[in-house]
Ligand code: SF4
Ligand code: SF4
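Protein chains in written order, with the numbering used here: chain A, 174 to 500; chain B, 165 to 527.
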């Protein structure tokens with residue numbers, strides 16, 4: 174059976190269920206890299222130029238860890254999923270950067286996804302992707318349908334049950350990470366954590382932020398726990414038509430949870446991320462209007478666990494004090 | 165209306181020329197003071213920390229224009245993958261928060277550029293007749309071409325002049341004379357005169373300058389404040405500089421020739437294809453392609469300029485070193501913390517490397 178490598182990084186958190194179903198329906202096996210660890214970081218870090226943002230460095234590390242374990246590497250070039258909203262340049266350049274930096278990588282499957290060019294173009298792209306595995310057009314069509322269904326089910330499960338991608342992936346796809354499965358605390362502080370999935374759900378990047386908050390008795394809300402449509406509405410209200418494809422996860426989720434009266438907002442981004450710095454400023458501004466405490470964590474490979482912890486504790490203390498005063 | 169504009173290299177000359185020809189007393193053009201450290205400080209103070217340098221510098225310009233009483237601000241906006249699409253939204257918000265009640269006029273520089281620019285000119289001139297607009301526009305373009313021609317010449321002269329700094333003096337006079345010229349004839353004659361003057365500067369007969377191509381993100385490539393006068397510094401080091409990008413070229417193709425189906429970057433994109441198959445927004449694709457082209461054309465090296473955190477150029481930076489067409493690339497990332505002596509040290513080391521490689525090759 175042909176093996177397709179899927180790096181556990183960047184868009185993995187958003188689309189893995191769909192991709193897995195797609196490749197399996199075509200008789201291939203999807204192989205995922207392990208959870209991010211030090212070796213993966215070190216490998217990626219040694220290849221990319223220093224100024225590359227941490228998530229992209231980690232992506233290369235994941236590719237390297239999979240290089241000898243698969244026949245193909247799946248690295249779509251994500252440009253746009255419609256509405257004239259775009260991915261960051263680095264997503265579009267990912268397949269070519271990988272070719273330049275990881276010569277040992279097996280052949281890369283790099284469909285370019287640009288919904289602004291219409292659905293027909295998209296289907297053509299997907300057919301030629303599928304043709305690596307099957308010459309049966311019908312089979313590919315079915316695989317696409319199943320993948321779309323899987324994607325919608327995944328998204329819905331998260332908002333219906335108020336769970337994170339990690340929890341949803343774990344239940345349906347048995348990933349090895351169990352750290353998110355502690356029971357929710359429903360009476361503690363409610364804090365919304367906003368940011369890119371690959372930042373807020375990669376424990377190596379954020380030093381186990383979400384489970385730590387839960388350990389402290391906090392009820393955590395993340396973008397995926399809200400319905401996509403609700404995020405879109407909130408985003409448009411605050412920022413107008415989106416420019417970035419992930420604006421809903423930051424601006425939209427920020428506005429949505431502010432309106433939902435959470436006790437505090439924590440935004441998490443990596444150092445050197447251009448788009449985030451602009452979007453987060455918008456949410457910060459808005460939080461001031463709501464008089465909701467706001468904490469921004471800017472992380473990079475040098476951020477220490479202790480540093481994050483200290484800032485978290487100080488922030489939660491502040492939120493608690495405010496809640497007491499306001500109550 | 166009191167109209168304020170941001171700076172980018174010599175771009176203000178176009179605005180100045182248009183107003184000179186079309187001004188009707190009602191609208192006043194406010195050119196903010198040349199970008200300075202104060203501009204930068206203002207921009208840094210009010211921008212998100214991790215915004216790119218073009219964002220911060222142009223914000224600083226706009227604030228300085230407001231201080232001089234501008235009530236209408238002109239700003240470029242492009243859609244596409246880069247942060248440029250975000251500029252307007254954010255900068256408007258910041259300027260309002262500072263208490264300025266300015267109206268923004270957005271210049272769309274991507275899809276609807278011609279319409280957008282024409283609409284802008286029409287509005288700013290209170291509906292001047294088209295014939296007048298067109299002649300004003302060609303006057304402005306004439307100035308721009310003259311300035312860019314001057315730059316091309318000075319890139320060569322600087323590298324080989326006997327007495328360092330002479331060429332710059334003449335160049336500065338030329339810019340002044342061109343921007344003061346009143347008719348297109350005068351512009352052309354002035355340009356001719358100064359090209360001649362530059363040609364008369366005594367040159368070192370033994371000079372054998374190394375040749376580098378400058379590539380990268382358009383704003384830092386074109387704005388001498390942003391790039392810390394890198395071309396002049398290279399000239400001092402005896403380097404001959406070549407750069408494809410220029411304002412006049414941008415206007416010529418973007419506003420006219422592109423519509424005739426002529427793509428100025430076609431060859432460059434083709435050269436990039438084996439390494440980068442698609443545009444990544446901004447100027448990243450062009451950077452990769454230009455490196456390949458310069459290598460093929462026998463240049464000694466490439467200097468790649470980008471703002472710190474510029475996404476398209478980080479893609480380019482990761483790809484450029486491994487192209488088969490192999491010449492050294494020096495990437496310089498600009499932010500408000502960078503100091504000029506550091507840049508010069510890096511340039512010196514790079515130039516030494518290029519000279520060394522050249523000697524080895526000639527043996
Ligand atoms: S959006 Fe930010 S964090 Fe994500 S890849 Fe782009 S620069 Fe990196
Ligand atoms: S291309 Fe680079 S410098 Fe230009 S707006 Fe985008 S990030 Fe900023």
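The C-beta atom is built at its ideal place from N, Cα and C for all residues, glycine as well. None of the values given here were measured: they were computed from a predicted structure.
Min CB distance residue 402 of chain B to chain A below 8 Å: Judged by the 8 Å Cβ criterion, residue 402 of chain B is not in contact with chain A.
N- and C-terminal bounds of the beta strand (DSSP E) containing residue 471 of chain B: For residue 471 of chain B, the enclosing beta strand (DSSP E) stretches over residues 465 to 471.
Residues of the stretch 263 to 278 of chain A whose Cβ lies closer than 7 Å to any Cβ of chain B, in chain order: So the close ones are 263, 265, 266, 269, 270, 273 and 274.
N-terminal and C-terminal residue of the alpha helix (DSSP H) that residue 362 of chain B is part of: For residue 362 of chain B, the uninterrupted alpha helix (DSSP H) segment begins and ends at 348 to 364.
Neighbour flag for residue 439 of chain B against chain A, beta carbons, 8 Å: At least one CB of chain A lies nearer than 8 Å to the CB of residue 439 of chain B.
Contact under 8 Å by Cβ, residue 420 of chain A with residue 332 of chain A: Their beta carbons are not under 8 Å apart, which means residue 420 of chain A does not touch residue 332 of chain A by this criterion.
Residue-chain proximity (residue 413 of chain B, chain A), Cβ-Cβ < 8 Å: It does not: the Cβ of residue 413 of chain B has no partner Cβ on chain A nearer than 8 Å.
Interface residues of chain A facing residue 442 of chain B [CB-CB closer than 7 Å]: Residues of chain A passing the Cβ test: 250, 265 and 285.
Residue 228 of chain A Cβ short of 7 Å to ligand 3 heavy atom set: Looking for ligand 3 in the displayed structure turns up nothing; the ligands present are ligand 1 and ligand 2.
Opening and closing residue of the beta strand (DSSP E) in which residue 377 of chain B lies: Counting along the chain, the beta strand (DSSP E) containing residue 377 of chain B begins and ends at 374 to 380.
Chain A contacts from the stretch 189 to 218 of chain B (Cβ-Cβ distance under 8 Å): Residues are counted here when their Cβ sits less than 8 Å from a Cβ of chain A; for the stretch 189 to 218 of chain B these are 212, 213, 214, 215 and 216, given in chain order.
Status (buried if at least 16 other CB within 10 Å, exposed otherwise) for residue 490 of chain B: Taking a 10 Å sphere around the C-beta of residue 490 of chain B, we find fewer than 16 other C-beta atoms and assign the residue as exposed.
Sequence-distant residues of the same chain with beta carbon closer than 6 Å to residue 216 of chain B, five excluded per side: Cβ neighbours of residue 216 of chain B beyond the five flanking positions: 471, 473 and 474.
Beta-carbon contacts of residue 308 of chain B that lie in its chain and below 8 Å, excluding the five residues immediately before and after: Within the same chain, 174, 177, 178, 411, 412 and 415 come within 8 Å of residue 308 of chain B by CB-CB distance, once the 5 residues on both sides are set aside.
Under 7 Å by beta carbon: chain A residues contacting residue 479 of chain B: Listed along chain A, the residues sitting closer than 7 Å to residue 479 of chain B by beta-carbon distance are 262, 263, 266 and 270.
Residue closest to residue 478 of chain B, alpha-carbon to alpha-carbon, out of B/501, B/285, B/450 and B/184: Among B/501, B/285, B/450 and B/184, the Cα nearest to that of residue 478 of chain B belongs to B/450.
The alpha helix (DSSP H) enclosing residue 324 of chain A, as first and last residue numbers: 310 to 334 is the extent of the alpha helix (DSSP H) around residue 324 of chain A.
N-terminal and C-terminal residue of the alpha helix (DSSP H) that residue 410 of chain A is part of: That run of the alpha helix (DSSP H) goes 401 to 412.
Residues near residue 429 of chain A in its chain [Cβ-Cβ closer than 7 Å; skip 5 each side]: Answer for residue 429 of chain A: 399, 403, 404 and 407, listed in chain order.
Sheet register partners of residue 468 of chain A (DSSP bridge): Residue 468 of chain A pairs with A/439.
Other residues of its chain near residue 514 of chain B: CB distance less than 8 Å, five sequence neighbours each side excluded: Taken in chain order, the residues that qualify are 465, 467, 492 and 494.
Whole-angstrom distance between residue 238 of chain B and residue 440 of chain B, CA atom to CA atom: Here the alpha carbon of residue 440 of chain B sits roughly 34 Å from the alpha carbon of residue 238 of chain B.
Proximity test, residue 446 of chain A beta-carbon vs ligand 2 heavy atom, cut-off 7 Å: No heavy atom of ligand 2 is found nearer than 7 Å to the CB of residue 446 of chain A.
Other residues of its chain near residue 296 of chain A: CB distance less than 8 Å, five sequence neighbours each side excluded: Taken in chain order, the residues that qualify are 317.
Residue 398 of chain B versus residue 330 of chain B: straight-line alpha-carbon distance, rounded: If I take the Cα positions, the gap works out to 15 Å.
Contact check, residue 409 of chain B vs residue 455 of chain B, beta carbons under 8 Å: No; because the gap between Cβ atoms is not below 8 Å, this pair is not in contact.
Identity of the residues DSSP links to residue 287 of chain A by a beta bridge: Bridge partners of residue 287 of chain A according to DSSP: A/253.
Nearest-angstrom Cα separation, counted from residue 436 of chain B out to residue 353 of chain A: Unreliable placement is indicated for residue 353 of chain A, whose pLDDT of 42 sits below 50; the coordinate value is still reported in the next sentence. Distance from the CA of residue 353 of chain A to the CA of residue 436 of chain B, rounded to the nearest whole angstrom, comes to 44 Å.
Spatial neighbours of residue 387 of chain B in its chain, beta-carbon cut-off 6 Å, leaving aside the 5 residues before and after: Excluding positions up to five away in sequence, the list reads 172 and 173.
Near ligand 2: residue 475 of chain B beta-carbon under 7 Å from a heavy atom: Shortest gap from the CB of residue 475 of chain B to any heavy atom of ligand 2: under 7 Å.
For residue 349 of chain A, three-class secondary structure by DSSP: For residue 349 of chain A, the predicted structure reports a pLDDT of 42, less than 50, and the residue's modelled location is therefore unreliable. The matter cannot be settled from this model.
Residue 236 of chain A: contacting residues in chain B (beta-carbon distance under 9 Å): In chain order: nothing, as chain B lies at least about 13 Å away.
DSSP bridge partner residues for residue 365 of chain A (one or two, in chain order): Paired residues: A/394 and A/438.
Bounding residues of the alpha helix (DSSP H) (the contiguous stretch that carries residue 246 of chain A): Unbroken run through residue 246 of chain A is the beta strand (DSSP E), 245 to 247; no alpha helix (DSSP H).
Simplified DSSP state of residue 440 of chain B, which is helix, strand or coil: In the three-state reduction of the DSSP assignment, residue 440 of chain B falls in the coil class, being assigned neither a helical nor a strand state.
Spatially closest choice to residue 181 of chain B from B/189, B/424, B/343 and B/221, by CA coordinates: Of the candidates B/189, B/424, B/343 and B/221, the one whose C-alpha sits nearest the C-alpha of residue 181 of chain B is B/343.
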